[in-house]
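Positions in the sequence shown are counted from 1; adding 4 to them yields the numbering used here.
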Amino acid sequence: NSTGANAWRLGSQAPQDNNTWNISRVNIAAGVEVRPGESYTFTFNVRAPATAGQYNMQWRMVQENVQWFGQYTPLRQVSVVAASGG
5 NSTGANAWRL
15 GSQAPQDNNT
25 WNISRVNIAA
35 GVEVRPGESY
45 TFTFNVRAPA
55 TAGQYNMQWR
65 MVQENVQWFG
75 QYTPLRQVSV
85 VAASGG
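Structure, rendered in structure tokens:
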């Protein structure tokens with residue numbers, strides 16, 4: 005179910021529902037139907053936080069307004085460095 009109020013999406017974790025990467029949900033592409041037993045690869049861009057530091061990146065499937073489900077992606081810690089001047 006990739007549309008509607010209870011659509012299945014990829015949702016941010018670590019912590020849950022964070023907007024660290026300027027996105028907290030990723031939709032399944034319009035017109036795509038993922039059937040039981042099939043897989044789907046999400047492709048999306050993120051934006052690094054403005055402040056240098058260590059940030060978590062992790063995702064999990066969510067059926068909006070219902071429940072989180074499936075396995076978590078591996079937890080990755082991403083180092084964001086300050087932009088060099090010049």
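Glycine residues also receive a C-beta, built at the ideal position from the N, C-alpha and C atoms.
Where the beta strand (DSSP E) containing residue i begins and where it ends
i	result
phenylalanine 73	71-73
glycine 57	57-67
serine 88	It is not in any beta strand (DSSP E) - serine 88 carries neither H nor E in the DSSP assignment.
Per DSSP, the bridge partner or partners of residue i
i	result
valine 30	Leu14
Residue i versus residue j - alpha carbon distance
i	j	result
threonine 55	serine 88	13 Å
phenylalanine 46	glutamine 75	15 Å
tryptophan 72	glycine 57	28 Å
glutamate 68	proline 40	18 Å
asparagine 23	valine 36	25 Å
asparagine 1	glutamine 17	Because the chain here runs from 5 to 90, residue 1 falls outside it and cannot be looked at.
Collapsed DSSP secondary structure at residue i in the structure displayed
i	result
arginine 80	strand
The region 66-83 in contact with the region 31-48 per 3-pair CB rule at 8 Å = Of all C-beta pairs linking the region 66-83 to the region 31-48, fewer than three are shorter than 8 Å, placing the two stretches out of contact.
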